[in-house]
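From first to last, the protein sequence lines stand for chains A and B.
If you read the first sequence in this note's numbering, its first letter stands for residue 1, the second for the next number, and so on.
If you read the second sequence in this note's numbering, its first letter stands for residue 1, the second for the next number, and so on.
All remarks here apply to the structure that follows.
2 protein chains.
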Amino acid sequence: MPTKSHSAESLSIGRLAAAAGVGIDTVRYYERSGLLPAPPRRASGYRAYPADSLARLRFIRRAKALGFALDEIAELLRLSQPHERGASDVRQLAQVRLQEVEAKIAELQRVRAGLRQLVKACPGRGSPQACPIIAALSDGART
Amino acid sequence: MPTKSHSAESLSIGRLAAAAGVGIDTVRYYERSGLLPAPPRRASGYRAYPADSLARLRFIRRAKALGFALDEIAELLRLSQPHERGASDVRQLAQVRLQEVEAKIAELQRVRAGLRQLVKACPGRGSPQACPIIAALSDGART
DNA sequence: CTTGACCCTGGACTCGACACCAGGGTTTAG
DNA sequence: CTAAACCCTGGTGTCGAGTCCAGGGTCAAG
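See below:
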């Protein structure tokens, strides 16, 4: 066996965090939150992560990128264990999340329309009282 | 003058809050935050709001609906006072906010595309391992 | 051996925008 | 007059997802 640090292939928390692209504190936080199982320890008390912890951390990162909250991710992880009706539960979770995203997009589009109107109407010069933005906010013309 | 409660037309904090559709605590919070000027007090110490406080609260509510943060609203209020280059400052603030909203929409659209793909690919039955959602999160197929 | 980089725990802190509480005093409708 | 409804201050709690800190031990390179 070539130069492999201490024993089998296990990662220190620092290496694991770096490999996953998160902070060390984040890893410990995920462990506290039950997202990442507590790894075995060395004699010194140092955490020694098996390789699949990295896969799990990456799973979490990808799910986060899709906007899942940590408790939803915990649910996804739980559902990814073998059990009956597996795929349908997972699918439903994703659908709920999709609807939330769509609602948020719709809301932001309304906000965007309001802002666009204001920006377009504003001459960009003159006193604030002459600015339709201030006027609209003050008088409550439809936004 | 007909039945007008105590003296001139001034609002108690409760009436003001109700008229503006916010909570009493919110009004006090805005005062602490410098968004709403501290009103005069009655002998009892009760806040007695002039009518324009209501206009100001409504201004705040409308700006919030456009997604401005409270400190940005404070800035808008400051800018709405008469001063040189008024309209251009206001316009710039709105443009910055507009760009933020557009960036957020774009991000959410990417998230939506990823979720849609997963939901479409998932059969909704079978084991979790067979579910493309779990597979994608686990293996990191492009999302 | 030493030194600097790493790791441990437990807890406090951050951000934003409020909500809620206790323990008082005040106002007002009936 | 009285009771309900209101108001005051000052302080604490909430949410989510971490981040930071002190005051220690441990590991690895030179």
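Glycine included, every Cβ here is placed at the ideal spot set by N, Cα and C.
These numbers were taken from a predicted model, which means no experiment stands behind them.
Rounded to a whole number of angstroms, what is the C-alpha to C-alpha distance between B:Arg17 and B:Ser44? Locating residue 17 of chain B in the second sequence gives position 17, counting from the first residue. Locating residue 44 of chain B in the second sequence gives position 44, counting from the first residue. What sits at residue 17 of chain B in the sequence shown is Ala, not Arg. Rounded to whole angstroms, B:Ala17 to B:Ser44 spans 19 Å at the Cα level.
Residue environment, B:Val101, which counts as buried when at least 16 other CB atoms sit within 10 Å: Sequence index remark: in the second sequence, residue 101 of chain B carries index 101 (1-based). Per the 10 Å Cβ criterion, buried.
CB B:Arg91 to CB A:Ile133, shorter than 8 Å? For this step, residue 91 of chain B is matched to residue 91 along the second sequence. For this step, residue 133 of chain A is matched to residue 133 along the first sequence. Contact flag set, yes.
Can you tell me which of A:Asp71, A:Leu70, A:Ile60 puts its alpha carbon nearest to the alpha carbon of B:Ala135? Counted from its first residue, the second sequence places residue 135 of chain B at position 135. For B:Ala135, the nearest C-alpha among the options comes from A:Ile60.
Do the stretch 25-38 of chain B and the stretch 69-78 of chain B meet, that is, are 3 or more Cβ pairs less than 8 Å apart? yes
Note down the Cα distance separating B:Gln81 from B:Tyr29, rounded to an integer number of angstroms. Taking the first residue of the second sequence as position 1, residue 81 of chain B is located at position 81. Taking the first residue of the second sequence as position 1, residue 29 of chain B is located at position 29. Taking the straight line from one Cα to the other gives about 22 Å.
So what's A:Leu115 in DSSP terms, helix, strand or just coil? Translated into the one-based positions of the first sequence, residue 115 of chain A becomes position 115. In the structure shown, A:Leu115 sits in a helix (DSSP, three-state: H, G or I).
Starting from B:Ala48, trace the alpha helix (DSSP H) in both directions and tell me its first and last residue. Your numbering for residue 48 of chain B matches position 48 in the second sequence. It is not in any alpha helix (DSSP H) - B:Ala48 carries neither H nor E in the DSSP assignment.
Between the alpha carbons of B:Arg97 and A:Gln95, how many angstroms are there, rounded? To locate residue 97 of chain B, count along the second sequence from 1; it is residue 97. To locate residue 95 of chain A, count along the first sequence from 1; it is residue 95. For the pair B:Arg97 and A:Gln95, the Cα-to-Cα distance works out to about 30 Å.
Please tell me whether B:Ala87 and A:Gly124 are closer than 8 Å, where the distance is taken between their beta carbons. As a working mapping, residue 87 of chain B is identified with position 87 in the second sequence. As a working mapping, residue 124 of chain A is identified with position 124 in the first sequence. In this structure, A:Gly124 lies closer than 8 Å to B:Ala87 by Cβ.
Here's the rule: buried if 16 or more other CB atoms are within 10 angstroms of the residue's CB, otherwise exposed. What is A:Pro40? Position 40 of the first sequence, counted from the start, is the residue given in the question as residue 40 of chain A. Classification for A:Pro40: exposed.
What are the residues of the stretch 57-73 of chain A that lie near chain B, defined by any Cβ-Cβ distance shorter than 8 Å? Within the stretch 57-73 of chain A, the residues whose Cβ lies closer than 8 Å to some Cβ of chain B are Arg58, Phe59, Arg62, Ala63, Ala65, Leu66, Gly67, listed in chain order.
Chain A contacts made by the stretch 94-112 of chain B, where a contact means CB separation under 8 Å: Ala94, Gln95, Arg97, Leu98, Val101, Glu102, Lys104, Ile105, Leu108, Gln109, Val111, Arg112
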